[in-house]
Each structure stands twice: as structure tokens, then as C-alpha cells.
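Numbering (my numbering), first residue to last: 38 to 285.
All C-beta atoms, glycine included, are put in the ideal place defined by N, C-alpha and C.
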């Protein structure tokens, strides 16, 4: 599978001619792939492949109920422009209560901004339209059984966004797939379980941050807007898309 690419939108060069000339809308793709036994992380640059957390057989007993805390709201969930394929909120009935996709989205958004703040970067502002496009892609990957940035119709992340809106001059995407309430293998040889919305969100961001190309996408200084789209299946499978936007 080819690595993600990044293309810049047109911009003026500096007065001495040394500034970059951007050709077309920039697309920064980063892909996180989780299979039944292992995850293969495809790099932003060609040829970089890493092995990361993977789903292992459920050999442990389910733990008892745990309490769910309300997440801090990320932002507007009723934007004027939405993706017509946005499925809305999805849920999973966990041992400790109902896990909602909206709660996970809020937690991921804040977790990403926390990681940026630790490195002195500005926070990404929540954008409900971008989140709607992200959510539609997560659901589509489940419904049409693929795990790619480009969908079976040949549409890439920027295509999907510009079908709905057109105010981003640069656009990026991270995707991930994992499970709730199953042991997940970790790079250190241990395992973890995602039992709550907050744990799931932290696990998703950890997966991305443990992969240099995905971490690069999260820590890109030019992003100023973004949106997270989570789709949860009845059996606890999780599809996640995080899109990033640079506005003029």
C-alpha cells in the first residue's frame, strides 16, 4: 500500500524568492491499521513501516463494572454543513455502561490537544463539519469492509471534505481500528483493555503517538481546526478517523 502523501495549496513566495510555492491542496495522510493479531502502521513517507499494538485473543475474564465520567464538550455538534453519510451517534453496551461515539470523540479531541500543549503547540479548534466528514468515513469503512484513506469510489480525504465544504487549504487524516473490552497487545509485550470512553480515546491517541508518521500529523503546527469521527459496532469494534485542517 503506498504511503500517505502531502501536497500544499498555492501560496505566495517570500519577497526574495526563497519561500515555498504550493501547488495544490495539501493532504497529509497517516494510517494506523489494526488487524486481528497485529497492527501495521503505514508511514507518511514511503517505505516506513512499523509494528504496533494488536488485538489478541480474549484470554482474560471481563472485569467488573467501571464508572464513566462525562467528557468535556469538544464543540458544536449541530453545524450548518454536514456529510449526508454521517451516521450520527453510535453506541456500544459495555460491562460498565453505554459507550457513546460522541463521548469518545470529545475525549480524543482533548487528548490530542493535551499532547500538543505539552510541546508548546496551539490547540486545534473543534469543527463540527469536519467531524461529520470524519464520522461518515469511519462508518463507511465498516459498512463496505475496507480500511483505507481512499474509499472504494476513489475519493481521498480532501475529496470527501470538499464535497461538503471548501474552506481548508490543507487537510490531513489519521485513521485507526481497535476494539472495546478485549485485551490489546502493547509494544512492551503487555496488554491493555479499553473499558470506558476515556480509556478508548487515550488508547487511540497512544497508538497514533507511538507511530512517528501519525505523531507528525498530530503535532503539525499549522493545523488550526479539526474533527474526530468514531463509529462503534454492536460487538465493540471501533473505527476512528481524525481529520485536520489548515484554514487560510
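In the DSSP assignment, what residue or residues form a beta bridge with residue 274? 216
Tell me, to the nearest whole angstrom, how far the beta carbon of residue 265 is from that of residue 186; I am working on the premise that it is less than 8 Å. Incorrect: roughly 16 Å between the Cβ atoms, too far for contact.
Buried or exposed for residue 154, please, with buried defined as at least 16 other CB atoms from any protein chain shown within 10 angstroms of its CB. exposed
CB contact flag (residue 237, residue 201, <8 Å): no
With DSSP collapsed to three states, give me the class of residue 222. strand
Find out if the Cβ-Cβ distance for the pair residue 206, residue 166 is shorter than 8 Å. no
Cβ pair count under 8 Å reaching 3, the stretch 211-219 against the stretch 104-113: no
Let me make sure I understand the geometry here. Which of 270, 230 and 231 has the alpha-carbon closest to that of residue 127? 270
To the nearest angstrom, how far is the alpha carbon of residue 210 from that of residue 161? 14 Å
Quick one: complete beta strand (DSSP E) runs, 3+ long, within the stretch 129-164? 134-137
For residue 240, report the span of its alpha helix (DSSP H) as first-last. 234-246
For residue 240, count neighbouring Cβ atoms within 10 angstroms of its own Cβ and tell me buried if that reaches 16, exposed if not. buried
Out of curiosity, what's the CA-to-CA distance linking residue 286 and residue 259? With the chain represented from 38 up to 285, any question about residue 286 goes unanswered, as that position is not in the structure.
Nearest-angstrom Cβ-Cβ length linking residue 313 and residue 255, presumed shorter than 8 Å: Outside the shown range of the chain (38 to 285) lies residue 313, about which nothing can therefore be said.
Residue 170 and residue 247 - do their beta-carbons sit closer together than 8 Å? no
I need the straight-line Cα distance from residue 19 to residue 242, nearest angstrom please. Here the chain has residues from 38 to 285 only, and residue 19 is not among them.
For the 8 Å Cβ check, are there 3 or more pairs between the stretch 228-237 and the stretch 128-138? yes
Applying the 10 Å Cβ sphere with the 16-neighbour rule, what's the burial state of residue 284? exposed
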